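As structure tokens, the structure follows; a few thoughts come after it.
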Amino acid sequence: MSLQTALTRMTNAVKARLAQYLSLKNVIGAENVKGTMYRNVFSGFISSFGTGTGPGLGEGDLALLPTLANDSNVYLHFRLPMNTDIHSRMFYLNFKGYSFGTGVTFDIKVGGYCYQATGQLLNTNVLNANLTTAVYKDANNNIVVSILFPSSYFTTIELESMIVGNGVAMRHGDVACIVSKNSAALFPKYTG
Amino acid sequence: MSAITEAIGRYSTSLLNLIDAGLAAVKANRDTGSRIAQDVLSSFIVGTGGVQTVGASGDIPSVDLGTSANVYLHFKLPYLLSDTVSFRLNFKGYSYGESKIIECDVVGAIRNGGFVVGGASGTHTVSGYTSASGKPMIRMLFPSLYYSTLSVTSYCQTDTKKVVRGQLQGRASLSSTIDF
């Protein structure tokens, strides 16, 4: 092989190894082991919707916000990477953060089972919800968790996930979010 | 030319090994200097018998108790009764059989030759006892262990005495006290 090929091959191997390890910064435990926690699955901040003259201001995974009339009674809908038409996966999620506008810190845990065989969302449990939290199937059979913020003004949220039961790892990018004043959202069908 | 490419190949292997070793050390030392250790123990239990069947993976061995209902998980702490240490264990997870998030804590201290549990709170009943062979034990009662996953985080007054991965041993039993 040529010198250039050898050097390129080596460089790519090193880069791949480093990328693999850097992604492990978000893994508390061993990869793909039940009980392992994945951090930074979703991380964002809503500044304000103002008076609705344009899209709201946000950062991180909430950088692109819709236009809402104000900051009152805003739902954050999180579509999990599972659909009852396709996946049988148990899940554990921890939503943490601080909503200045509402005046609360929150540390909400949600568990459940997306069960493909019967197309049902089963055995759900929400713990420590000082904000109205719902787990539901949307009209495309995606599993969605919604949290209602009496005020979304200056609200920061971070999501972590544990592999539980027959579930799988969730990583940054796996969870989509719709911000709206509606109590239910509809996401494109998750097929991944 | 081939001698150079061979040399590059050998160098590449050495470099990758060095990277692996370095990053493994970083991961192993992540909790150094901290009074908190995460992923101290992780366990998934399919069941301990009955219609829920028998099976487990992770740090708690599988055992057939004939039922998966009203089962204790016992944890042996890596302390001696002669130690002086105070600690907290936090348990997180999800029990499908109970349709319940697991989130509970227990705090305790070992001093003056004895083990005292200061308090416990959360979704499951957690308590402590001293085993017949004099080891401090924590037990947690599960109405159903069916398809339950657990992860333990430890806290300690002293970072050098905190319970870390490999030091906590767990067993399932129908008895409220065991010795192992």
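First to last, the protein sequences are chains E and A.
Each number in the numbering used here comes from the position in the first sequence (counting from 1) with 78 added on.
Each number in the numbering used here comes from the position in the second sequence (counting from 1) with 32 added on.
All C-beta atoms, glycine included, are put in the ideal place defined by N, C-alpha and C.
All values reported here derive from a predicted model rather than from experimental measurement.
DSSP state of residue i mapped onto helix, strand, coil
{"i": "E236(E)", "result": "strand"}
{"i": "N260(E)", "result": "coil"}
{"i": "I210(A)", "result": "coil"}
{"i": "N110(E)", "result": "coil"}
{"i": "R203(A)", "result": "strand"}
{"i": "N148(E)", "result": "coil"}
{"i": "T269(E)", "result": "coil"}
{"i": "R167(E)", "result": "strand"}
{"i": "G87(A)", "result": "strand"}
Short Cβ contact (8 Å threshold) for residue i with residue j
{"i": "L226(E)", "j": "K215(E)", "result": "no"}
{"i": "P90(A)", "j": "S75(A)", "result": "For clarity, residue 90(A) is Gly in the given sequence; the question names Pro instead. Cβ distance < 8 Å, so G90(A) and S75(A) count as in contact."}
{"i": "T99(A)", "j": "T80(A)", "result": "yes"}
{"i": "D139(E)", "j": "F120(E)", "result": "yes"}
{"i": "F127(E)", "j": "N148(E)", "result": "yes"}
{"i": "V213(E)", "j": "G245(E)", "result": "no"}
{"i": "I221(E)", "j": "H155(E)", "result": "no"}
{"i": "L200(A)", "j": "P93(A)", "result": "no"}
{"i": "N161(E)", "j": "Y268(E)", "result": "yes"}
Beta strand (DSSP E) segment containing residue i, residue limits
{"i": "M115(E)", "result": "M115 to S126"}
{"i": "T190(A)", "result": "Taken as a continuous stretch (DSSP letters only), T190(A) belongs to no beta strand (DSSP E), as it is neither H nor E."}
{"i": "N220(E)", "result": "N220 to S229"}
{"i": "F203(E)", "result": "The residue you asked about is not Phe; residue 203(E) is Asn in the sequence shown. That run of the beta strand (DSSP E) goes Q198 to L205."}
Chain A contact for residue i (CB, 8 Å cutoff)
{"i": "N33(E)", "result": "What the structure shows of chain E is the stretch from 79 to 270, and residue 33(E) is not part of that stretch, so it cannot be assessed."}
{"i": "T210(E)", "result": "no"}
{"i": "M88(E)", "result": "yes"}
{"i": "Y99(E)", "result": "yes"}
CB contact check: residue i to chain E, cutoff 8 Å
{"i": "L105(A)", "result": "no"}
{"i": "T157(A)", "result": "no"}
{"i": "G151(A)", "result": "no"}
{"i": "L182(A)", "result": "yes"}
{"i": "F76(A)", "result": "yes"}
{"i": "I133(A)", "result": "yes"}
{"i": "G87(A)", "result": "no"}
{"i": "T37(A)", "result": "yes"}
Limits of the unbroken alpha helix (DSSP H) element including residue i
{"i": "Q98(E)", "result": "L81 to S101"}
{"i": "K167(A)", "result": "Unbroken run through K167(A): none, as it is neither H nor E."}
{"i": "G54(A)", "result": "S34 to A60"}
Name the residues in the stretch 162 to 189 of chain E whose C-beta lies less than 7 Å from a C-beta of chain D; which are they?
Going by chain labels, chain D is absent from the structure shown, which instead holds the protein chains E and A.
Three or more beta-carbon pairs under 8 Å between the stretch 37 to 56 of chain A and the stretch 179 to 193 of chain E, yes or no?
no
Quick test of the definition: if touching needs 3 or more C-beta pairs under 8 Å, does the stretch 230 to 243 of chain E touch the stretch 178 to 194 of chain A?
yes
When the Cβ atoms of the stretch 140 to 152 of chain A are set against those of the stretch 102 to 116 of chain A, are three or more pairs found closer than 8 Å?
yes
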